[in-house]
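These notes concern the structure reproduced below.
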Amino acid sequence: MKPTPIAASIVDQVIDEFGIHPAGKATIRELVKIVNDIEKITGEEYIRMEMGVPGLDPTFVGTEAEMIALRQGVASKYPNIEGIASLKEEAARFIRLFLDVDVEPRHCVPTVGSMMGGMAAFMVVNRSDHNRTGTLFLDPGFPVQKQQCLVLGHQYGSFDLYDYRGDKLHDKMVEEIEKGHYSSILYSNPNNPSWICLTEKELQIIGEIAEKYDVTVIEDLAYFGMDFRKDLSQPGVPPFQPTVARYTSNYLLLISSSKAFSYAGQRIGMMIISPGIFERHYPDLKRYYSSEKFGHAMVYGALYSLSAGATHTAQHALAAIFRAVNDGTYNYVEEVREYGEKAAVMKALFKQYGFRIVYDMDLDEPIADGFYFTLSYPGFEGSRLVEELLYYGISAISLEITGSTRTEGLRACVSQVRRDQFPVLEERLKRFYEHHPIPE
Ligand SMILES: Cc1ncc(COP(=O)(O)O)c(C=O)c1O
Numbered sequence: 018m019k020p021t022p023i024a025a026s027i028v029d030q031v032i033d034e035f036g037i038h039p040a041g042k043a044t045i046r047e048l049v050k051i052v053n054d055i056e057k058i059t060g061e062e063y064i065r066m067e068m069g070v071p072g073l074d075p076t077f078v079g080t081e082a083e084m085i086a087l088r089q090g091v092a093s094k095y096p097n098i099e100g101i102a103s104l105k106e107e108a109a110r111f112i113r114l115f116l117d118v119d120v121e122p123r124h125c126v127p128t129v130g131s132m133m134g135g136m137a138a139f140m141v142v143n144r145s146d147h148n149r150t151g152t153l154f155l156d157p158g159f160p161v162q163k164q165q166c167l168v169l170g171h172q173y174g175s176f177d178l179y180d181y182r183g184d185k186l187h188d189k190m191v192e193e194i195e196k197g198h199y200s201s202i203l204y205s206n207p208n209n210p211s212w213i214c215l216t217e218k219e220l221q222i223i224g225e226i227a228e229k230y231d232v233t234v235i236e237d238l239a240y241f242g243m244d245f246r247k248d249l250s251q252p253g254v255p256p257f258q259p260t261v262a263r264y265t266s267n268y269l270l271l272i273s274s275s276k277a278f279s280y281a282g283q284r285i286g287m288m289i290i291s292p293g294i295f296e297r298h299y300p301d302l303k304r305y306y307s308s309e310k311f312g313h314a315m316v317y318g319a320l321y322s323l324s325a326g327a328t329h330t331a332q333h334a335l336a337a338i339f340r341a342v343n344d345g346t347y348n349y350v351e352e353v354r355e356y357g358e359k360a361a362v363m364k365a366l367f368k369q370y371g372f373r374i375v376y377d378m379d380l381d382e383p384i385a386d387g388f389y390f391t392l393s394y395p396g397f398e399g400s401r402l403v404e405e406l407l408y409y410g411i412s413a414i415s416l417e418i419t420g421s422t423r424t425e426g427l428r429a430c431v432s433q434v435r436r437d438q439f440p441v442l443e444e445r446l447k448r449f450y451e452h453h454p455i456p457e
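If you read the sequence shown in the numbering used here, its first letter stands for residue 18, the second for the next number, and so on.
Here it is as structure tokens:
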């Protein structure tokens, strides 16, 4: 046995106690626990790439607004479940200025993170027609959204988007929609974990299919504006964040504050309900909700039963952040660009020591540098690779749990890795490479 950067006996002991073999089969939060335990016993710091936690300070305008609201006493008051007026107004303005799409404040509703936005979306969309149930996921994706479908008892299907880019997307989607009887389609753009960015043409295909088959698109914009190849940061100035909302009126948008504004801890996001479906009547909703109107069922049925609204102070924070971004006094993209810059360095290091980028192309361009990238190493399955890297002080998750067909791969998240850890990362990768020679 060659000595590994982290004592193998301790890694073995923690994995055995946890009882998941190989450890790469574990969920994100389980891996977090495994790595925390190893770090605690060994005192050695890992290169932590398993979880998408923002690695930046929270947006200052948000925390300031939140503290002012707290001092003004909002903590004792239930927030309006539809959202406070200033947040709704600034959110609608944000959608106009950064997506070039028109919505009214009433179409913008706060959620306890996009996590809850997804849950509420499934609870209403997937119950709007008794002949249909469930979601078609354009994978790879964020594993917990499938967990949400499972706990709700909804069906789901998926295919790996990477194999059906461009014009090929149309026929594959039609095939899946026709056999699946789905109520909704969900994808994230930019995509977690592959960092594929769907093009306007692909979004048009999705939009046209949504219209034709009357399927609602749940567009997850958790990484809003973070395709750093384009400058999406100027209010009211093209290019805009690509969105399906320009191609169909059958959509819900999930806007997260977690990554774009480094506000994950306060659990605040926005659901934007298309004006086209907000007032629409779906008689089958009456099975679960007091109203058959989509917007009403969403707010007074789903969101009410989940948490009766989103935290009052966090709503003030997000209103202030949107206002600053809309006014052009705060450029959020400039701050998060750091992720892309770190990704470029980290990808180069991994490649130097024998790793490959799994999702390496975005149509005819190399995949952009962003919040995540994907990796493989010759001779390894993804979950085994995740486990093996634990001995080298590096943590990531297997692509297998993301619905990817690339089971040899893993997902690496750049956010928590500090630049001062790059030399340690290089040292550990070098050892890994020496211990796992690649056949010529
Ligand atoms: C694709 C995707 N959707 C949703 C979320 C959850 O966002 P929030 O923190 O707003 O609940 C994440 C978080 O990692 C994500 O990657």
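All C-beta atoms in this analysis are idealised placements derived from N, C-alpha and C, irrespective of residue type, glycine included.
As the structure is a computational prediction, the values presented were derived from the model and not from experiment.
Item: Ligand 1 site residues, beta-carbon cut 6 Å against heavy atoms; Value: 69, 130, 131, 132, 159, 205, 209, 237, 239, 273, 275, 281 and 286
Item: Supposed close pair residue 156, residue 178 - CB separation, criterion 8 Å; Value: 6 Å
Item: Cβ pair residue 165, residue 136 closer than 9 Å; Value: yes
Item: Segment contact flag, the region 62-71 with the region 434-441, C-beta cutoff 8 Å, min 3 pairs; Value: yes
Item: Whole alpha helix (DSSP H) elements within the region 308-334, 4-residue minimum; Value: 321-324
Item: Given residue 129 as reference, the closest of 287, 342, 146 and 385 once Cα atoms are compared; Value: 287
Item: Complete alpha helix (DSSP H) runs within the region 379-422 (minimum length 4 residues, chain order); Value: 399-407
Item: Straight-line Cα distance separating residue 147 from residue 9; Value: Look at the range of the chain in this structure, 18 to 457, and you will see that residue 9 is not part of it.
Item: Buried or exposed (CB count within 10 angstroms, at least 16 for buried), residue 424; Value: exposed
Item: Contact set for residue 56: own chain, Cβ-Cβ below 8 Å, skip 5 residues either direction; Value: 62 and 63
Item: Meets three-Cβ-pair contact criterion under 8 Å: the region 73-93 and the region 374-394; Value: no
Item: Bridge-paired residues (DSSP) for residue 236; Value: 204 and 270
Item: Exposure label - residue 259; buried when at least 16 CB within 10 Å; Value: buried
Item: Residue 78 beta carbon less than 9 Å from that of residue 455; Value: no
Item: Runs of alpha helix (DSSP H) wholly within the region 254-307 (minimum 4 residues, chain order); Value: 292-295
Item: Distance, residue 206 Cα to residue 350 Cα; Value: 16 Å
Item: Alpha-carbon to alpha-carbon, residue 172 and residue 152; Value: 7 Å
Item: Reduced DSSP category for residue 249 - H, G, I as helix; E, B as strand; rest coil; Value: coil
Item: Local Cβ density within 10 Å of residue 181, reported as buried at 16 or more and exposed below that; Value: buried
Item: Nonlocal neighbours in the same chain, by C-beta distance under 8 Å from residue 67, ignoring five residues either side; Value: 45, 48, 49, 52, 412, 413, 414 and 430
Item: Boundaries of the alpha helix (DSSP H) in which residue 458 is found, first to last residue; Value: Coverage of the chain is limited to positions 18 through 457, which leaves residue 458 absent and any answer about it impossible.
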